[in-house]
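First residue of the sequence shown: 14, per this note's numbering; consecutive thereafter. Cβ coordinates follow ideal geometry from the N, Cα and C atoms, glycine included. As the structure is a computational prediction, the values presented were derived from the model and not from experiment.
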Amino acid sequence: MRKLPRGLILVAIFQFIPIIIMPLNVLKSLNAVAWGAILVLFGVLGVFLILRRGASRTASIFVQGFNIIVRLLVIVGNVMRPPEEGGFNTELAVTFAISMALSALILLYIDQPDIQLQMQS
């Protein structure tokens, strides 16, 4: 069995971060069940990535791509607030931009040919 690339280990451990980057008030509003579901989902996904299961690579691509799509759809309607509420929602725009950039980096890394070969062996 070939040695697992360090980048894949980092992705397996930290791929939940782009999903949870949100404005602070949204993070505070999540209940324990939602946090538990996030931890279980990404824990299982991370373990399967480390075990080189091909389906875990596909699931990671799906989750990170879905994160980008959902954030694009949400940002369009929510970044501009009425002037009496402060106008441009900077916190939302910045957190969404960081989240989408991190998801894109994960997608670019996971979709490299050498990572694809690692997942097939």
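### Message
Would SER116 and PRO36 be called neighbours here (beta carbons separated by less than 8 angstroms)?
### Response
Taking the first residue of the sequence shown as position 1, residue 116 is located at position 103. Taking the first residue of the sequence shown as position 1, residue 36 is located at position 23. Result no, Cβ atoms of SER116 and PRO36 do not sit closer than 8 angstroms.
#### Entry: Where the alpha helix (DSSP H) containing PHE109 begins and where it ends
Locating residue 109 in the sequence shown gives position 96, counting from the first residue. From DSSP, the alpha helix (DSSP H) with PHE109 extends over 103 to 123.
#### Entry: Spatial distance of GLY56 from ALA68 (CA atoms)
Locating residue 56 in the sequence shown gives position 43, where the first residue counts as 1. Locating residue 68 in the sequence shown gives position 55, where the first residue counts as 1. Cα-Cα distance, rounded: 15 angstroms.
### Message
By DSSP's criteria, MET93 is part of a beta bridge. Which residues make up the other side?
### Response
As a working note, residue 93 is residue 80 in the sequence shown. Note: MET93 sits in a beta bridge opposite PHE101.
### Query
Applying the criterion that 16 or more other CB atoms from any shown protein chain within 10 Å of the CB defines a buried residue, is THR108 buried or exposed?
As a working mapping, residue 108 is identified with position 95 in the sequence shown. Buried: at least 16 other Cβ atoms inside 10 Å.
### Task
Take VAL89 as the anchor and find which of ILE26, ALA110, LEU43, PRO96 has the nearest alpha-carbon.
Residue numbering aside, residue 89 sits at position 76 when the sequence shown is read from its first letter. Minimum Cα distance to VAL89 is reached at ALA110.
### VAL92 beta carbon less than 8 angstroms from that of ALA114
For the purposes of this step, residue 114 is identified with residue 101 of the sequence shown, where counting begins at 1. For the purposes of this step, residue 92 is identified with residue 79 of the sequence shown, where counting begins at 1. Against a cut-off of 8 angstroms, the Cβ pair of VAL92 and ALA114 comes out as no contact.
### Message
For LEU58, which residues in the same chain have their Cβ closer than 8 angstroms to its Cβ, ignoring the five residues on either side in sequence?
### Response
Here residue 58 refers to the residue found at position 45 when the sequence shown is read from its first residue. Answer for LEU58: ALA25, GLN28, SER69, ALA72, SER73, VAL76, listed in chain order.
### Message
What residue range does the alpha helix (DSSP H) around PHE55 cover?
### Response
Against the sequence shown, residue 55 aligns to sequence position 42. Unbroken alpha helix (DSSP H) run through PHE55: 45 to 63.
### Task
Pull up the CB-CB distance for GLN13 and ARG15, whole angstroms please, since I reckon it's below 8 angstroms.
Residue numbering for the chain in the displayed model covers 14 to 134; residue 13 lies beyond these limits and cannot be assessed.
#### Entry: Cutoff 7 angstroms; reference GLN133; Cβ partners in own chain excluding five residues on either side
What you label residue 133 is simply residue 120 of the sequence shown in a count that begins at 1. For GLN133, where only same-chain residues beyond five positions count, the Cβ hits under 7 angstroms are GLY67.
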